[in-house]
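Below is one structure; the comments refer to it alone.
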Amino acid sequence: MEQTHLHLTGRCLCGAVTYDCGAEPASVTYCHCDTCRRMTGSAFNIGVGVPAAELHVTGQVRGYQTAGQPDESAIREFCPDCGSPLFTRYPTMVFIKAGSLDDPTVVSPTRQIWTEMAVPWSRIPDGLTSHPRNGPSPWKSGTPRNDAGS
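Quick note, the sequence shown lines up with residues 2 to 151 if you use my numbering.
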């Protein structure tokens, strides 16, 4: 049996920024934290965590730096033309905004974090691993971070 390889592609609303990634996601996570709500303008963010070295971006993005763990601040990247939020970047991991994928059906969230901040009218599928605050980092096994999934 031949194994299929997931290849992620996506873009911003206006198409000025496109991206592709051949790496399998380390995580696909609903995040309910205040920062993600404000960044997306929605009840939550769905972040697709991939190795930073495997994400190839065409076009220019702008970034807004937010505080994270000491010495590990996040850069929230977006299209400067249309404003679409695209990535949350850390030194070794980038979280792609799932809504920017060309085919968002190729990924499926397996966990949710910061559930203690979830808005009560937001519905998330039952059966996901849930963490009231932050869960284990997808790139450092067993080490909680405030930004895993942002």
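Even glycine gets a Cβ: it sits at the ideal position worked out from N, Cα and C.
Between the alpha carbons of residue i and residue j, how many angstroms are there, rounded?
| i | j | result |
| --- | --- | --- |
| T36 | M118 | 11 angstroms |
| R90 | F96 | 6 angstroms |
| T116 | V107 | 24 angstroms |
| P71 | D127 | Unreliable positioning characterises P71 in this predicted model, as indicated by a pLDDT of 43, which lies under 50. The coordinate reading is nonetheless provided below. For P71 and D127, the distance between alpha carbons rounds to 34 angstroms. |
| V120 | I76 | 25 angstroms |
| S28 | P110 | 8 angstroms |
| I47 | C80 | 18 angstroms |
| E78 | Y65 | 6 angstroms |
Check the C-beta distance from residue i over to residue j and give it rounded, since I have them as a contact under 8 angstroms.
| i | j | result |
| --- | --- | --- |
| G11 | L102 | 4 angstroms |
| P26 | V51 | 6 angstroms |
| D21 | H8 | 7 angstroms |
Does the beta-carbon distance from residue i to residue j come in below 7 angstroms?
| i | j | result |
| --- | --- | --- |
| R112 | T30 | yes |
| D82 | C15 | yes |
| V49 | A99 | yes |
| D86 | M40 | Per the sequence presented here, residue 86 reads as Pro, with Asp not at that position. Yes, the Cβ-Cβ distance between P86 and M40 is below 7 angstroms. |
| M94 | A53 | yes |
Which residues does DSSP list as the beta-bridge partners of residue i?
| i | result |
| --- | --- |
| R12 | T19 |
| S28 | G50 |
Check: In chain order, which continuous runs of the alpha helix (DSSP H) of length 4 or greater are located wholly inside the segment 33 to 117?
Finding: Inside the segment 33 to 117, DSSP marks whole alpha helix (DSSP H) runs of 4 or more residues at positions 35 to 41, from first to last along the chain.
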